[in-house]
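Below: the structure, in structure tokens.
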Amino acid sequence: MRMSLVLELQDVPGQLVAALEPIASVGANIVTIIHERDVKTGALVPVQVTIEGDKETLDLAIKKLTEKGIRIIEKDGIPLKEKVNAILVGKISEEELKGIVDNINNLEGVKVADLSLKMSTTSSTIKVTMEAEHNSLGLLEDKIHKIGVEHRLLVITET
Amino acid sequence: MRISIVGFGAVGQGVAKAIRSTQERLRRKYNLKIDIVAAADSKGAAIQEDGLDPQKLIKVKTEKGSVAYYPDHGHEDMDSLQVLDEVEYDCLVEVTPTNIITGEPGKSLITKAIEDGKDVVTSNKGHLSLFYKELVGLAKEHDVNFKFEASVGGAMPIINFAQETLPSSRIESIIGILNGTTNFILSRMTAEGSSYEQTLKEAQELGIAETDPTQDVEGLDAACKSVILANAVLGRECTLDDVEVTGITKITPEAIELAKEDGYHIKLIAEISHEILRVGPRLVKDTSPYAVDGTLNMATLRTDLAGEITVIGKGAGSLETASAILTDIINIWKSKH
Ligand SMILES: NC(=O)c1ccc[n+]([C@@H]2O[C@H](COP(=O)([O-])OP(=O)(O)OC[C@H]3O[C@@H](n4cnc5c(N)ncnc54)[C@H](OP(=O)(O)O)[C@@H]3O)[C@@H](O)[C@H]2O)c1
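Line by line, the protein sequences give chains A and B. For the first sequence, the working numbering assigns the number 525 to the initial residue and increments by one for each residue that follows. For the second sequence, the working numbering assigns the number 86 to the initial residue and increments by one for each residue that follows.
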């Protein structure tokens, strides 16, 4: 069987070879490689690779890639989701919080997966765990910071 | 090499101490003899053409409150700009307080020294974060050395490191912890579960936070350093006004606890890239290079050829900061001999 993956690589010489090595090492065939240099985001470039082998071999290839810290952003045309956390601190009512969650859920490719809330006498602290498709991440970060400004909340996101 | 030290607080005295303790080695290794021909503080100056005694300077400063009481060579009330006219020197060591409104008195001192054709070494970040382009341009115009390694990260090598050790690589970004006081406070809050207010008080009692901690806790100190790195390492033209700054005063113990549940620490992170210039609290994985505790500073440089490189070191302290200043002095000497 065949499988198509989009990997996100650093735009540095040697990175592609390093990413292909684990695929070859488990015995999967590399059918095509498309280097999408023109859709470069910062120092990162997406590379599409189609690989071939039996199911076990392909699973093993994915495991090896993940172990090596290589980010797979798409599998057979379906974007893989990532977990992202943000912490909000400030005075916030239940209604406002509902509005914020709706606001985030309305973003394409983003869903709020979990909320934890801790109250103290002076302020509330909320942890929002979201699942986001890879290409929504930038948008999400902007959105969360805008929400912070709107609601006068301190927003702490991941580096 | 004849130096004039203007500002004789923690860093100025550290420089005097470091010069004294490295005297023999510098002479042997680099054939360099450093004479402190002038030292000045806010109350006056001491001037001696064949060199003041570093130990005596520190003693007079500690016991009487000003270098102006240095026996036979003290000048009460002498303005430090005037000091620069009173004595022949090669390099100004400018270590007056950081002023983020006007950059003074450092800006005028540096400007005068450069226009007089002298080399300058500073640890001050005020003038640099307001007038970087102007000051560096002036130094180029007058063909003098102007070095400021100590202004970012104290003893942690970063500016010279990026400029001189990594010239082959383009630096894409620098992400790091550039303020020791806030890192101490956040580390303690993480370890103890204590409140921000309580922990700030503890830091003040330990002498880690200042009586007026505003510049540290509001992120301004880290913002100044970010501006210096953006200009010096990334070649961006920017000033303090261009930094998006959020401090740590609103961070709750609950936020730290919620972060911990998922293996995160909260750190005051400076992010400097060709597009971004911001300082604010962020979540960092406790296994990442950003999970550095106490008063330490760190920075990860992302480069095109060399990948990521991380430096860690003491971001403040009298002798630690003086070590960076002395390195700049030695490098100026080496470039000429
Ligand atoms: N401390 C650190 O660990 C560290 C680390 C990195 C960078 N820095 C930077 O290094 C600089 C010095 O720091 P510091 O800790 O040594 O500060 P400090 O202990 O407050 O010392 C400042 C010195 O400047 C003198 N001064 C003030 N106004 C003056 C004037 N108009 N003319 C001449 N001297 C004047 C003060 O005089 P009096 O003694 O008479 O008050 C004092 O001796 C600051 O810009 C700081 O941001 C410090």
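Ideal Cβ positions, reconstructed from N, Cα and C, are used throughout, including at glycine. Because the structure is a prediction, the values reported are computed rather than measured.
For residue 143 of chain B, the CB contacts under 8 Å within the same chain, skipping 5 residues up- and downstream, are 98, 101, 102 in chain order. Boundaries of the beta strand (DSSP E) harbouring residue 382 of chain B: 381-388, taken from the DSSP string. Judged by the Cβ position, residue 239 of chain B qualifies as a neighbour of ligand 1 at the 7 Å threshold, a heavy atom of the ligand being closer than this. Put simply, the backbone Cα of residue 187 of chain B is about 28 Å away from that of residue 248 of chain B. With contacts defined as CB atoms closer than 8 Å, residue 166 of chain B and residue 205 of chain B fail to qualify as a contacting pair. Not a single heavy atom of ligand 1 lies less than 7 Å from the C-beta of residue 398 of chain B. Using beta-carbon distances, residue 340 of chain B counts as an interface residue toward chain A, with a partner under 8 Å. Counting along the chain, residue 654 of chain A sits inside no alpha helix (DSSP H); it lies in the beta strand (DSSP E) bounded by residues 648-657. Considering only A:560, A:658, A:582, A:646, the residue with the shortest C-alpha distance to residue 633 of chain A is A:658. Under the Cβ distance rule, residue 261 of chain B does not count among the residues neighbouring chain A, no pair being separated by less than 8 Å. Within the DSSP bridge table, the entry for residue 606 of chain A names A:656 as partners.
Setting aside the 5 residues that flank it on each side, residue 316 of chain B is surrounded in the same chain by 217, each with a C-beta closer than 6 Å to its C-beta; the list follows chain order.
Residues of chain B whose Cβ lies closer than 8 Å to the Cβ of residue 617 of chain A do not exist; the shortest such Cβ separation is about 17 Å. Only those residues of the stretch 645-678 of chain A whose C-beta falls short of 7 Å from the nearest C-beta of chain B are listed: 647, 649, 651, 678. In this model, residue 555 of chain A and residue 547 of chain A are separated by some 11 Å (Cα to Cα). Residue 104 of chain B is a Cβ neighbour of residue 139 of chain B, given a cutoff of 8 Å. With fewer than 16 other CB atoms across the displayed protein chains lying within 10 angstroms of its CB, residue 525 of chain A is exposed. Residue pairing from DSSP places residue 574 of chain A in a beta bridge opposite A:528, A:556. Closer than 8 Å at the C-beta level to chain A, one finds these residues of the stretch 387-402 of chain B: 387, 389, 390, 392. Taken through DSSP and simplified to helix, strand or coil, residue 87 of chain B comes out as strand. Relative to ligand 1, residue 126 of chain B has its C-beta within less than 7 Å of a heavy atom. Following the DSSP letters along the chain, one finds residue 589 of chain A inside the alpha helix (DSSP H) bounded by residues 579-591. Runs of alpha helix (DSSP H) with 4 or more residues, each lying fully within the stretch 291-370 of chain B, are found at 299-302, 305-317, 338-346, listed in chain order. Within the same chain, and ignoring the five residues on either side of residue 303 of chain B in sequence, the residues whose Cβ sits closer than 6 Å to its Cβ are 332.
The C-beta distance from residue 121 of chain B to residue 111 of chain B rounds to 13 Å, too long to meet the 8 Å contact threshold.
When 7 Å is used as the limit between beta carbons, residue 273 of chain B is near no residue of chain A, the shortest such separation being about 18 Å.
By the Cβ test, the stretch 284-294 of chain B is not in contact with the stretch 320-332 of chain B, since fewer than three Cβ pairs between them sit closer than 8 Å. Taking a beta-carbon distance threshold of 8 Å, residue 680 of chain A counts as an interface residue toward chain B.
Between the alpha carbons of residue 605 of chain A and residue 655 of chain A lies a gap of roughly 6 Å.
The C-beta of residue 376 of chain B comes no closer than 8 Å to any C-beta of chain A. Of the residues assessed, residue 648 of chain A falls on the buried side of the cut-off, its CB having 16 or more other CB atoms within 10 angstroms. Separation of the CB atoms of residue 146 of chain B and residue 183 of chain B is rounded to 20 Å, and the pair is thereby denied contact status at 8 Å.
Any Cβ of chain B closer than 8 Å to the Cβ of residue 628 of chain A would place that residue at the interface, and such an atom is absent.
The continuous beta strand (DSSP E) containing residue 595 of chain A extends over residues 595-599. For the pair residue 369 of chain B and residue 384 of chain B, the CB atoms are not nearer than the 8 Å cut-off. Here residue 258 of chain B is bridged, per DSSP, to B:358, B:387.
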